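Line by line, the protein sequences give chains A and V.
The numbering of the first sequence is this note's numbering, which starts it at -14 and goes up by one.
The numbering of the second sequence is this note's numbering, which starts it at 53 and goes up by one.
Report on the following structure.
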Amino acid sequence: DTAVSQTPKYLVTQMGNDKSIKCEQNLGHDTMYWYKQDSKKFLKIMFSYNNKELIINETVPNRFSPKSPDKAHLNLHINSLELGDSAVYFCASSPGTSERGELFFGEGSRLTVL
Amino acid sequence: ILNVEQSPQSLHVQEGDSTNFTCSFPSSNFYALHWYRWETAKSPEALFVMTLNGDEKKKGRISATLNTKEGYSYLYIKGSQPEDSATYLCAPGGYSTLTFGKGTMLLVSP
């Protein structure tokens, strides 16, 4: 069983469209995250959810909205996609809220906006 | 968000060589430092989470040390093997926020 799973793995879409990436973890972790791997290959935090509550939200455009129906799921919705949104998006989870808990990453979702 | 620097950016060694990488970060507001191993086409996997100044952790041939007062951590690989080829990321952080470095890309040739 995959601990953190993301779908889809690849997504190609046109500018202006709205798309979602789903993430599920079966580890029983309290906190889930979305990271973006930017063009310079840095992993940058986008959102963090602890028990369905947003606890950090870095300077991400409000076209991006995380939705957590329960603590095992954190989905990423992106409205009005732009070329610059092309990237690999990683979901992750960790036990508790402290950053002392190691992160478990999904395999990433490569989004290409044409 | 912390300013995290990892060096070298990339490294090419022969099988059997020992190697080490550096992660530098601001020492203020330190809470924890993570090391991750990231193989191509896979997801990052945690190696160590370190919190205390002077911490030293070991997993097989890989070990890491932490100096929170001066703001650096070293990762050592003893007797590198081709399967050690990967990008090694460090991520220091304050409470609830981790900042990832760009990583050190290691290539081990047989």
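Each residue gets a CB set at the ideal place from its N, CA and C atoms; glycine is no exception.
Since we're looking at a predicted model, the values are computed, not measured.
| Query | Result |
| --- | --- |
| Compute the Euclidean distance between the alpha carbons of A/L68 and V/D136, then round it to the nearest angstrom. | 35 Å |
| In the region 62 to 92 of chain A, which residues sit with their C-beta less than 8 Å from some C-beta in chain V, listed in chain order? | F75, T82, S83, E84, R85, G86, E87, L88, F89, F90, G91 and E92 |
| Nearest by alpha-carbon distance to V/Q58: which of V/T103, V/T74 and V/A116 is it? | V/T74 |
| A/D55 by DSSP, collapsed to three states: which one? | strand |
| Provide the residue(s) that pair with A/T(-2) in DSSP beta bridges, ordered along the chain. | A/V98 |
| Can you pull out the residues from the region 91 to 102 of chain V whose beta carbon lies closer than 8 Å to at least one beta carbon of chain A? | K94, S95, P96, E97, A98 and V101 |
| Which term fits A/G1, buried or exposed, when burial requires 16 or more other beta carbons within 10 angstroms of its beta carbon? | exposed |
| For V/L104, does the three-state DSSP call read helix, strand or coil? | coil |
| Along chain A, in chain order, which residues have C-beta atoms closer than 8 Å to that of V/K154? | K25, K26 and F27 |
| Can you check whether the CB of V/S132 is closer than 7 Å to the CB of V/V160? | yes |
| Classify A/L68 as helix, strand or coil using the three-state DSSP reduction. | helix |
| Taking only beta-carbon positions, decide if V/A116 is within less than 7 Å of chain A. | no |
| Quick check on V/K121: buried or exposed, where buried means 16 or more other Cβ atoms within 10 Å of its Cβ? | exposed |
| Threshold first: 3 residues or longer. Then list the beta strand (DSSP E) segments lying entirely within the region 95 to 143 of chain V, N to C. | 97 to 102, 108 to 111, 114 to 119 and 124 to 129 |
| Helix, strand or coil, according to DSSP, for V/H86 in the structure here? | strand |
| Beta-carbon within less than 7 Å of V/R113's beta-carbon, same chain only, minus the 5 sequence neighbours each way: which residues are those? | I129, K130 and G131 |
| Checking the sheet assignment: what are the DSSP bridge partners for A/T(-13)? | BP columns for A/T(-13) are empty, so no partner. |
| Which first and last residues belong to the beta strand (DSSP E) in which A/E43 is found? | Counting along the chain, A/E43 falls outside any beta strand (DSSP E), and DSSP gives it neither H nor E. |
| What does A/H14 pair with, by DSSP beta-bridge criteria? | None, per the DSSP bridge assignment. |
| Look up A/Q22 in the DSSP assignment and say whether it is helix, strand or coil. | strand |
| Flag V/A138 as yes if its beta-carbon sits less than 7 Å from any beta-carbon of chain A, otherwise no. | no |
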